[in-house]
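In UniProt numbering, the protein residues as written are 1 to 214.
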C-alpha cells in the first residue's frame, strides 16, 4: 500500500475542519494558538499555516494583533457559501462520466426513497444527505474540485450546528433528490445538473429563516 505523505499543515487543517463539522467550535470564538498547538501535539508554525489557510477559505477571521477566531454567522455568508457549493457540485456532476452516473442512478433513487421524511433531526438529515451526495459525486475524477467542495461545505455546515443544533427538526424535500436520480437514469445530465443546483438553492432558503439578520 502506498504511504501518503502530506504536509503537517494540511493534516492540522483537516483535523480542525473535522472538529468544526462536529460542532466543537462556536462562532466568534477566539483561538488560543498555544493551547491548540499543545492539544494537537504540534508546533505553532504548521498550526499557524493551517489557520491562515482556513482564514483564506472564510472559515476563520484574522486581525492584526488579535490572532484568529471562528467567523460569526450571517445570512449573507451562508447564501454565498450555498451558491458556491451549488456551482461546484454542479461542475463535478457535469464532468462525471454519464455512463457511470446512469449506473449509480438506481441506488441514488433508492437512497432518496428510503428517507422520505419531510421533517427530521439535523444530524439525521446530514448523515443521509452526505451518503447521497458522496455517491452522486463519486464519478468525479477531479480531486482538487472534490477537496474544494469539502472545504466550502465545512464552512457552510457550521451553520446547521450553530443555528439548528444536532437534534433540531429541519424541513427537507426528498423529492428533489429523487428528481436528480430519475433524470440521470433517463440520461438527461444537463437537466439533472439543473435539478441539483435547485436542490441547493431550495435547501438554502429553508435554512435562511433560522439565521439571525446581520
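Quick reminder that beta carbons are idealized off the backbone N, C-alpha and C, glycines included.
Span of the beta strand (DSSP E), counted from its first residue to its last, around residue i
i: residue 68; result: 67-70
i: residue 171; result: 169-171
Test item: CB-CB of residue i and residue j under 8 Å
i: residue 37; j: residue 200; result: no
i: residue 69; j: residue 23; result: no
i: residue 61; j: residue 155; result: no
i: residue 174; j: residue 105; result: no
i: residue 16; j: residue 50; result: yes
i: residue 118; j: residue 33; result: no
i: residue 71; j: residue 146; result: no
i: residue 13; j: residue 45; result: no
i: residue 97; j: residue 67; result: no
i: residue 20; j: residue 158; result: yes
i: residue 101; j: residue 189; result: yes
Outcome for residue i when other beta-carbon atoms lying within 10 angstroms are tallied against a minimum of 16
i: residue 107; result: exposed
i: residue 243; result: With the chain covering only 1 through 214, there is no way to say anything about residue 243.
i: residue 99; result: exposed
i: residue 110; result: exposed
i: residue 41; result: exposed
i: residue 195; result: buried
i: residue 257; result: The structure shown does not extend to residue 257, since the chain is modelled only from 1 to 214, so the question has no answer here.
i: residue 193; result: buried
i: residue 203; result: buried
i: residue 112; result: buried
i: residue 39; result: exposed
i: residue 151; result: buried
Residue range of the unbroken alpha helix (DSSP H) whose run includes residue i
i: residue 137; result: No alpha helix (DSSP H) contains residue 137, which DSSP labels as neither H nor E.
i: residue 23; result: Segment: none, residue 23 is in no alpha helix (DSSP H) and carries neither H nor E.
i: residue 203; result: 189-208
i: residue 154; result: 143-159
i: residue 181; result: 174-185
Residue i - DSSP class collapsed to helix/strand/coil
i: residue 118; result: coil
i: residue 6; result: coil
i: residue 11; result: helix
i: residue 1; result: Summary for residue 1: the model assigns pLDDT 46, below 50, so the residue's position carries little reliability, and this model does not support an answer.
Only counting runs of 4 or more residues, tell me where the alpha helix (DSSP H) segments fall wholly within the segment 26-97, in order along the chain. Taking only runs of at least 4 residues, the alpha helix (DSSP H) segments lying wholly in the segment 26-97 are 33-40, 44-56, 75-94.
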